[in-house]
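Count along the sequence shown from 1, add 173, and you get the number used in the numbering used here. We put the beta carbon where it would ideally sit given N, CA and C, even for glycine.
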Amino acid sequence: MAPRYAFCLLVVLFSSGWMRGSSTSTTPDVRCSPSGQVAHISAPPPELLAQDLEHFGALPVGHFVGLTSKEAAVKEEAVGESSAEWEGRPKLSLRDSNNDVEGEENEVDSTEDGTIWTRRRKRRDAETWSDLGSEGAQEASEQEGVQLASSTFALAGDTAHNQAMVHWSGQNSSVILMLTKYYDFSAGRVTESSLWRSTDYGSTYEKLNEKVGPKTILSYLYVSPNNKRKIMLLTDPEVESSLLISLDEGASYQKHSLAFDILSLLFHPEQEDWILAYSHDQKLYVSVEFGRRWQLVHDGVVPNRFYWSRLGLDKEQGMIHLEISVSDGRSQYITCKLQNCSEGSKGKPFPGFIIPNSLVVQDEYVFIQVPIGGQSVHYVSYRRHAFYPVKLPKYTLPKDLQIISTDDNQVVAAIQDWHQNDSYNLYMSESRGLFFTLMLDDVVSSGGPEGNIMIDLYEVAGIKGVFLSNKVVENQVKTYITYNKGRDWRLLRAPLTDLQGKKVDCEQPYCSLHLHLHVSENPYTSGNIVSKDTAPGVIIASGVVGPELTTTNVSIFITSDAGNTWKEVFQEEYSVFFLNQGGSLVAIRHTPLPIRHIWLSFDEGRNWDKFSFTSSPLYVDGVLGEPGEDTLIMTIFGHFSHRSEWQLVKIDFRSIFQRRCTSDDYVTWQLHNEGEVCIMGMKRIFQKLRVNARCVKARDQYISQMSDSCPCTEADFECDYGFERQADGSCTPAFWFVPSATSRDCINGDSFLNSTGYRKALSNNCTDGSLLKYSPKRQKCPSQVPRGLQLLTSEGTLVATLHKNVTFLVFLEEGLSSTTSITVDFGDGTAISYVNISSIEDGIRHVYGKVGIYQVSAIASNILGFDRVTLYLHVTCQLEQVQLSAPSVVVKNKAVNFTTTLRPSNVGTVAYYWWIDNKTEPTMSLDGGMSFTFSEEGSHMVTVQASVGNTVHQDQMTLAVYDYFKSQMLAFSSNLDEANPGLPEWREDIGQVVKRSVIQVTGISEDQLLVTVLPGLPTTAEIFIVPDRRARGGTMKGKRAHAEQEDPGPQHVHHGAAGQRTRGGSYGDLHR
């Protein structure tokens, strides 16, 4: 079940295969990362990705080699980026360079395609190097061993460079490309680069700086996964944004300018010239000419949520699956044609909105998350058909769901249930990805450096159905193995003896072997595990013997019978590589000392021979193995001293093999599980090399497999959805499950498979025997009352916009679709009926012509009964403005009425929030008016907000409160109306003109006169005469008399300009 889109990052992807162990401290190092995202070749951010990129176009062209002689910490950068998951993205991650610690440096291992894998270790300062010189000499004085054929080449002039990317074409090619760079950590960018090319398997290198441009600074190296002769180099965008393209394995280059900065690339899995490029401003571009020309596909694309179509599943080969951002908290799943993504050509496989970052297109499946009722509901489409909600055990309430794998035509998902914090449960589906059953509970999980989730699950290469996993048992982490894809799990047996031959006293279940199954952010202190397709049954891993998995006293163990028996082979830190298509093993010791030797095993790790690969001790930085399956040439990177140039030591192992292998060099080996040979319904026999057979396996001499089917037994069946396994092995219904309920198949078909409580694993090949006893029985779908009818809008909200399409989605859990009709009443006097539910998979669209709250209902009915569901939809239009109106001057202790005016006037249901003065808690109302009594004189601020859907508008005004006042209305001649623009500022200015005129005519004090010009036509104004502040100390009667003496009486103004400020008028001294 090797994951196609990096959902489970397994070390089996490394061609030469490597593993390490430490006797001091280790942390898990092979991580199964369910982020649900296709891998992309990426520019920043810096991270390491080890994924099987051959399946989807992003070739891991090289990882970074840290130079041991540099003062700056070596930055580990990505050549690929994976996009999820349902929730993030899957990657084999290294420590980010920003977290590099002074005094540490990186080491490297090679991957499947001959790329460099970086690891970190303690840096040696100048004093340490000189001190270690004698220790290195001591090693040189040891037994020399056999001298291997090797050659050394120094990268002259690159002493300062602290990063490198390496690509070895392989497949009968002798070309190796190496891009070295100096990354300035203070500046945060690459300031120097060199491009090297070898045409003799790494014996010599030519510097190509002049060919690419002596002033050109290169940052990334990409290779077409479908034609490795096609090379792409990306320049540093800080200097220039361009591509250099080679069609002859890097011998010559053509430069092409870019109008955007590339963040990540996604190559087509079949078409060698088709590439998708994602930019920093969330735009997606496409090239069908290997980067020579680019065309914009779409903007607003969610990072890492774009996928190539798949031939045989999608309508067109040149189609792209996209998740685009619509608004905050909402995305949409669309499909576009390769060079035409216009509005009319877009496809919408799911008509509604989805939760951001939830689209995952993987093999036959498309996964999304839909917001329903405030919850996130997971949906799946199988083979690009309609979407249905995923069915988990009823009381599984996931906090998080990650897709692990979609191989073997079924889905494996990791789910963190509501009560879990540091562990996940593994679930497995049937072929459609709809119904999930428990595979293993409480599997260890941890967070990755980019927020991704790491699950301790490892698939053994070369043998289908064999997995290793670490799970929590009574607060202890233990390693379990399964041979039948998760149906049964057991502990690993410890070795009978240790490395010194002493008997190991270890009795299950109190003691067993526990392995590290994932890669940590700092691989130098992590364990590892490796297996290989061409070496079936051989697994090399770091771990401990005891009651639980620990990070101390870690050794390296090997099994040659797929985990039945184990042997301890090293108690120190080593990298182990598969050689000769898995026929031999190479081990390189990790030590701060310079080394001259490596160890080889020709008997599956039982014995190791010492070989010398260099005449001068070398501080090893990393290893690059020949890509493909031969792996007979290897390059070791290192330094002779901390000030020396980078040394590339090429080792040719062909000299130690005597001849080509023949059929007599092979023996057979039968897979078994503690003696049981019928596994996954088959007896499987493999061929492997005889012990100590020093012959070269031909490229076409892959391990053959012979199989014979077994009669089916109960052991070949897992519990079906809704059933749980009991202590006696039987499957019985869970308390929440009703077995008599018909299948979802009865919604879209006339028959269904009635479960017996068991289902055969999809990759199980047993025949006859108890097959009929446990297999489901096909039955005709009975007539059934419709149940589980669901009605929702495509946006997942209960708000729609006037005069715009609203899409209703209708789902039915139970009921025969061919005999069940659906009627939808939109609540506005219109309704529509469908003879069956299958005809409305794309949703039902409707347009409302008036605002309001509508009762929308759906009825599913047949001859036996019906089911009804109702929702209340708020249809609104966009609110543009709210105006607050009230008298500008009011009397103390007398109620004043506030009213509002909306524009447009009819926008649907409006909520009003009122604040008086500086109160923090508002008063809420559903109409546009409010009454309030002021108990204190002075100026008071009133604020109102009107809320419609997601729109909120606000208005404010200031009122004057007095014990008493007099007012007088003013009228104006009609010619003033022609000059009235209806602006608040105009009314305010006219109010000041009127005030000055009245003061001049009447002699009333400026403090006693307030003028308000009212909005609207005809133009009118109101004059307020308020008590004189100097007379505040007199009697109430005296104050009123004073005001009356100054009353100017009614006025009709024939000339002048009147103006009024917004909403409620303008007056000279009161402002809103």
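Next on the checklist: So within the region 544-601, which uninterrupted beta strand (DSSP E) runs reach at least 3 residues, ignoring any that extend past its ends?
Outcome noted: Positions of the beta strand (DSSP E) runs, each at least 3 residues long and wholly inside the region 544-601, are given as 548-555, 560-562, 571-578, 585-590 in order along the chain.
Next on the checklist: Beta-carbon within less than 6 Å of D357's beta-carbon, same chain only, minus the 5 sequence neighbours each way: which residues are those?
Outcome noted: As a first step, residue 357 must be located in the sequence shown, where it is residue number 184. Around D357, the same chain offers T364 as residues with beta carbons nearer than 6 Å, after the five sequence neighbours per side are excluded.
Checklist entry - If you compare alpha carbons, which of N657, Q575, E632 is closest to S618? => result The residue given as residue 618 occupies position 445 in the sequence shown. Of N657, Q575, E632, the residue nearest in Cα terms is Q575.
Item to check | CB contact check: A1144 to chain D, cutoff 8 Å | outcome: Here chain D cannot be found, since the structure has a single protein chain.
Checklist entry - Going by DSSP, which residues form a beta bridge with R663? => result Counted from its first residue, the sequence shown places residue 663 at position 490. For R663, which the question treats as bridged, DSSP gives the partners I654.
Item to check | Sub-8 Å separation of K564 and Y894 beta-carbons | outcome: Within the sequence shown, residue 564 is the residue found at index 391, counting from 1. Within the sequence shown, residue 894 is the residue found at index 721, counting from 1. Their beta carbons are under 8 Å apart, which means K564 touches Y894 by this criterion.
Checklist entry - Measuring CA to CA, which of P790, E799, R832 is closest to S814? => result Stepping through the sequence shown from its first residue, residue 814 is reached at position 641. The candidate whose alpha carbon is nearest that of S814 is P790.
Checklist entry - Which of helix, strand or coil does DSSP assign to S733? => result Here residue 733 refers to the residue found at position 560 when the sequence shown is read from its first residue. S733 falls in the coil class under three-state DSSP.
Item to check | Under 8 Å between C-beta atoms of T1249 and L391 | outcome: No answer is possible for residue 1249: the residues shown for the chain start at 174 and end at 1245.
Next on the checklist: Output needed for V499: all residues of its chain with C-beta closer than 7 Å, excluding positions within five of it in sequence on either side, in chain order.
Outcome noted: Translated into positions along the sequence shown, residue 499 becomes position 326. Cβ within range, chain order: Q505, F526.
Item to check | Selected residue, minimal CA-CA separation from V703, among G736, T724, D678 | outcome: In the sequence shown, the residue the question calls residue 703 occupies position 530. The shortest Cα separation from V703 among G736, T724, D678 belongs to G736.
Next on the checklist: If contacts are defined as beta-carbon pairs under 8 Å, then H1019 and F999 qualify, I think. What distance do you get, rounded to the angstrom?
Outcome noted: Looking up residue 1019 in the sequence shown gives position 846. Looking up residue 999 in the sequence shown gives position 826. Confirmed, Cβ separation roughly 5 Å.
Checklist entry - In or out: T940 buried (at least 16 other Cβ within 10 Å) or exposed? => result By one-based count along the sequence shown, residue 940 stands at place 767. With fewer than 16 other Cβ atoms within 10 Å, it is exposed.
Checklist entry - Cβ atoms of V650 and E537: under 8 Å apart, would you say? => result As a working mapping, residue 537 is identified with position 364 in the sequence shown. As a working mapping, residue 650 is identified with position 477 in the sequence shown. Cβ atoms of E537 and V650: not closer than 8 Å.
Checklist entry - Where does the unbroken beta strand (DSSP E) through G716 begin, and where does it stop? => result Taking the sequence shown and counting its residues from 1, the one referred to as residue 716 is at position 543. For G716, the enclosing beta strand (DSSP E) starts and ends at 708-719.
Item to check | Burial state of R1041, where buried means 16 or more other Cβ atoms lie within 10 Å | outcome: Taking the first residue of the sequence shown as position 1, residue 1041 is located at position 868. Per the 10 Å Cβ criterion, exposed.
Next on the checklist: Helix, strand or coil, according to DSSP, for D472 in the structure here?
Outcome noted: For the purposes of this step, residue 472 is taken as the residue at position 299 of the sequence shown. Of the three classes helix, strand and coil, the one that applies to D472 here is strand, per DSSP.
Checklist entry - Where DSSP assigns a beta bridge to G1102, which residues make up the other side? => result Taking the first residue of the sequence shown as position 1, residue 1102 is located at position 929. Bridge partners of G1102: T1072.
Checklist entry - Could you give the uninterrupted runs of the beta strand (DSSP E) lying entirely in the region 1168-1208, keeping only those of 3 residues or more? => result 1182-1187, 1193-1198
Next on the checklist: I need the straight-line Cα distance from W772 to R762, nearest angstrom please.
Outcome noted: Counting from one through the sequence shown, the residue named residue 772 turns up at place 599. Counting from one through the sequence shown, the residue named residue 762 turns up at place 589. Distance between the alpha carbons of W772 and R762 is about 9 Å.
Item to check | Touching by the beta-carbon criterion (3+ pairs, under 8 Å), the region 1121-1135 and the region 1099-1106 | outcome: no
Item to check | Beta carbon of E1109 nearer than 8 Å to that of V1134 | outcome: As a first step, residue 1109 is located in the sequence shown; it is residue number 936 there, counting from the start. As a first step, residue 1134 is located in the sequence shown; it is residue number 961 there, counting from the start. Contact annotation: E1109 and V1134 have beta-carbon atoms nearer than 8 Å.
Checklist entry - What does a CB cutoff of less than 7 Å around K510 pick up in its chain, not counting 5 residues either side in sequence? => result As a position in the sequence shown, residue 510 is number 337, starting the count at 1. Taken in chain order, the residues that qualify are E489, G491, M492, S518.
Item to check | Identity of the residues DSSP links to N1035 by a beta bridge | outcome: Locating residue 1035 in the sequence shown gives position 862, counting from the first residue. G1038, per the DSSP bridge assignment.
Checklist entry - Under a Cβ-count criterion, where at least 16 other Cβ atoms within 10 Å of its own Cβ denotes burial, should K1023 be classed as buried or exposed? => result For this step, residue 1023 is matched to residue 850 along the sequence shown. Per the 10 Å Cβ criterion, exposed.
Checklist entry - Which runs of the beta strand (DSSP E) fall wholly inside the region 427-486 and span at least 3 residues, in chain order? => result Runs of the beta strand (DSSP E) inside the region 427-486: 427-430, 435-440, 448-452, 456-460, 468-472, 474-481.
Item to check | Counted within 10 angstroms of its Cβ, other Cβ atoms place F479 as buried (16 or more) or exposed | outcome: Counted from its first residue, the sequence shown places residue 479 at position 306. The residue in question, F479, is buried, as its Cβ has 16 or more Cβ neighbours within 10 Å.
Checklist entry - Along the chain, where does the alpha helix (DSSP H) that runs through Y374 open and close? => result Within the sequence shown, residue 374 is the residue found at index 201, counting from 1. Careful: Y374 lies outside any alpha helix (DSSP H) and carries neither H nor E.
Checklist entry - To the nearest whole angstrom, what separates the beta carbons of L1143 and E1195, a pair I think is in contact under 8 Å? => result Position 970 of the sequence shown, counting from 1, holds the residue named residue 1143. Position 1022 of the sequence shown, counting from 1, holds the residue named residue 1195. That belief holds up - the Cβ atoms of L1143 and E1195 are roughly 7 Å apart, short of 8 Å.
Next on the checklist: Determine whether the beta carbon atoms of T1116 and V1080 lie at a separation below 8 Å.
Outcome noted: Position 943 of the sequence shown, counted from the start, is the residue given in the question as residue 1116. Position 907 of the sequence shown, counted from the start, is the residue given in the question as residue 1080. Not in contact: T1116 and V1080 (Cβ atoms no closer than 8 Å).
Item to check | Close beta carbons around L926, own chain, < 6 Å, minus the five adjacent residues each side | outcome: Stepping through the sequence shown from its first residue, residue 926 is reached at position 753. For L926, same chain residues with a beta-carbon under 6 Å away, outside a window of 5 residues either side, are P949, R951 in chain order.
Item to check | Sub-8 Å separation of E897 and T886 beta-carbons | outcome: Working through the sequence shown from its first residue, we reach residue 897 at position 724. Working through the sequence shown from its first residue, we reach residue 886 at position 713. In this structure, T886 does not lie closer than 8 Å to E897 by Cβ.
Item to check | Test item: CB-CB of V459 and W467 under 8 Å | outcome: Walking along the sequence shown from the start, residue 459 turns up at place 286. Walking along the sequence shown from the start, residue 467 turns up at place 294. Against a cut-off of 8 Å, the Cβ pair of W467 and V459 comes out as a contact.
Checklist entry - Taking C-alpha atoms, which residue in T1003, Q963, I1163 lies nearest to E986? => result The count along the sequence shown starts at 1 and reaches residue 986 at position 813. Among T1003, Q963, I1163, the Cα nearest to that of E986 is on Q963.
Item to check | Span separating the alpha-carbon of V585 from that of V645 | outcome: Taking the sequence shown and counting its residues from 1, one reaches residue 585 at position 412. Taking the sequence shown and counting its residues from 1, one reaches residue 645 at position 472. The straight-line gap separating the alpha-carbon atoms of V585 and V645 is approximately 19 Å.
Item to check | Where F981 falls: helix, strand or coil (DSSP) | outcome: Position 808 of the sequence shown, counting from 1, holds the residue named residue 981. It is a strand residue.
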